[in-house]
Amino acid sequence: MQATLLKSATLVIPNEQVLVHVVRQRVRQLVRGHRPLIGVPPGIGFAAVALGEIIAEKLGYEVAPGIKPDSSFAPIVTFPGAAPEKKAA
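Take any residue in the sequence shown, count from 1 to its spot, add 56: that is its number in our numbering.
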């Protein structure tokens, strides 16, 4: 069931990193006691509730002006003095 919810939610929020962040923030709110924005049967998990809210378009996101969500991630840098990773041959 989670896979079908995830596929449907990616149609609403196509960027996977943004989708994960929105779901994580909403799960945090639900754990703290906020009420779901959709009708929820008993026993469903918080992540499924958050995905259901995204699918029903009750939950979304806004991009701050001047920031592109696809290219805003920082590159991975190594710490000074750290040994580089050795790749197996």
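All residues carry an ideal CB built from backbone N, CA and C; glycine is no exception. In this text, all values refer to a predicted model and were calculated from it rather than measured experimentally.
- Less than 7 angstroms separates the beta-carbon of Ala103 from that of Val83.
- Around the beta carbon of Val78, 16 or more other beta carbons lie within 10 angstroms, which makes this residue buried.
- For Leu93 against Leu62, the beta-carbon gap comes to about 18 angstroms, at or over 8 angstroms, which does not count as contact.
- When the alpha-carbon of Val119 is set against those of Thr66, Leu75, Ala65, the nearest one is in Leu75.
- Using a Cβ distance threshold of 7 angstroms, Ile111 and Ala65 count as a contacting pair.
- For Leu86, same chain residues with a beta-carbon under 8 angstroms away, outside a window of 5 residues either side, are Pro92, Phe102, Val105, Ala106 in chain order.
- DSSP places Arg84 in the uninterrupted alpha helix (DSSP H) bounded by 72–87.
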